[in-house]
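Just so we're aligned: 25 in my numbering is position 42 of the sequence shown, and the numbers increase by one with no gaps anywhere.
Just so it is clear, CB atoms sit at the ideal spot from N, CA and C, and this is done for glycine as well.
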Amino acid sequence: MPARGWIEVNDLYCKGCELCIHDCPPQVLALDMERLTSKGYHPAHIAKDGCTGCAICAIVCPDAAITVYREITKAAPTTA
Ligand code: SF4
Ligand code: SF4
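Set out below in structure tokens:
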């Protein structure tokens, strides 16, 4: 089962350059055409399921606008 993740985009920093959108391997990002930041940009957001938490979007973002979270699944305890 693929890892699951999600991101938060900081509206103060995102300038809608789309670099993260182009480099996201599962192509789950898009500009949010419903919203504008205080600087007048459509910010990036997760538009569909499938984020793996790979963090490539955060690495390529030139403005450090993205925080990535990744779900950690704990292994079931084993009995001796
Ligand atoms: S963490 Fe990876 S899969 Fe998730 S939005 Fe960013 S680039 Fe895409
Ligand atoms: S790379 Fe960064 S600044 Fe560019 S659209 Fe994505 S979050 Fe916004």
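Are the beta-carbon atoms of residue 39 and residue 0 separated by less than 8 Å?
Going by C-beta atoms, residue 39 is not nearer than 8 Å to residue 0.
How many Å lie between residue 4 and residue 34 at the Cα?
Cα-Cα distance, rounded: 12 Å.
Quick one: residues in its chain with C-beta nearer than 8 Å to the C-beta of residue 32, no 5 flanking neighbours on either side, listed in chain order?
Hits under 8 Å: 11.
Have a look at 52, 18, 46, 47 and flag the residue whose alpha-carbon is nearest the alpha-carbon of residue -13.
For residue -13, the nearest C-alpha among the options comes from 52.
Ignore the nearest five residues each way along the sequence and tell me which others in residue 43's own chain have a CB closer than 8 Å to its CB.
Closer than 8 Å at Cβ, skipping near neighbours: 2, 3, 6.
Distance, Cα to Cα, residue 50 vs residue 59?
Cα to Cα, the separation comes out at about 28 Å.
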